[in-house]
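Trainee: Below is a structure I'd like to ask you about.
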Amino acid sequence: MEELRRQQQMNKDDESSLRELHLTVLKFWIEKVVEELHSIEEELPLVDMMAKRQRDLNDRPEQPVTMAPKHDKAEPGLKPFILTRTEKQKEVFGLGYPAIPSMTVDEWYNQKFGNNAASLNSQKPGCSDGQAGDTGEKEHAEEDDDESRARMMRWDEYKDDHRRGWGNTHNKG
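Going by full-length UniProt numbering, the sequence shown opens with residue 1, and the numbers climb by one from there.
Structure below.
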């Protein structure tokens, strides 16, 4: 449209360019009007619905608006609750092991050790023969404990410095 206006200004005597300019302006406004008509057609059902609602509200008898009475006590209402997946899973699948024991501790002990349990309990600690050997064993056990503790500490430090999966990764496909 701007181009046609420039041509009209350059050729003021040319009626064909003036006619073309006016036709283009008319086509432009026709398109605008058609768009507006479509928009109005889409809005008409909304306007009818609003008018119907307004009539329905006006037809109702007026009810006095009352405030709800204030309660001194807070109503108990519904308590908040939290669903956790693990709790519900335990309810469905159980604990993963039988909840009712199949035998008592005494039964298990008798099954495991049988008649030897009575003979082990019959020996009393503190015999003169065992006391001499126990002191040497205690010293040896203390040395083993210190060595094993030191070894475990070294292993723990190594694990802190060398995380799992940080080793040789050169030949991974």
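Glycine included, C-beta positions come from ideal geometry on N, C-alpha and C.
Give the straight-line distance between the Cα atoms of Lys12 and Ser39, rounded to the nearest whole angstrom.
Mentor: 39 Å
Trainee: Roughly how many angstroms separate the alpha carbons of Asp48 and Lys79, rounded to a whole number?
Mentor: 45 Å
Trainee: Check whether the Cβ atoms of Leu21 and Leu44 sit closer than 8 Å, and answer yes or no.
Mentor: no
Trainee: Is the CB-CB distance between Met1 and Val25 below 8 Å?
Mentor: yes
Trainee: Considering only their Cβ atoms, is the gap separating Gln8 from Leu18 smaller than 8 Å?
Mentor: yes
Trainee: From Lys112 to Ile100, what does the alpha carbon distance come to, in whole angstroms?
Mentor: When rounded, the distance between both Cα atoms is 20 Å.
Trainee: How is the alpha helix (DSSP H) around Phe93 delimited, first residue to last?
Mentor: First-last of the alpha helix (DSSP H) with Phe93: 85-93.
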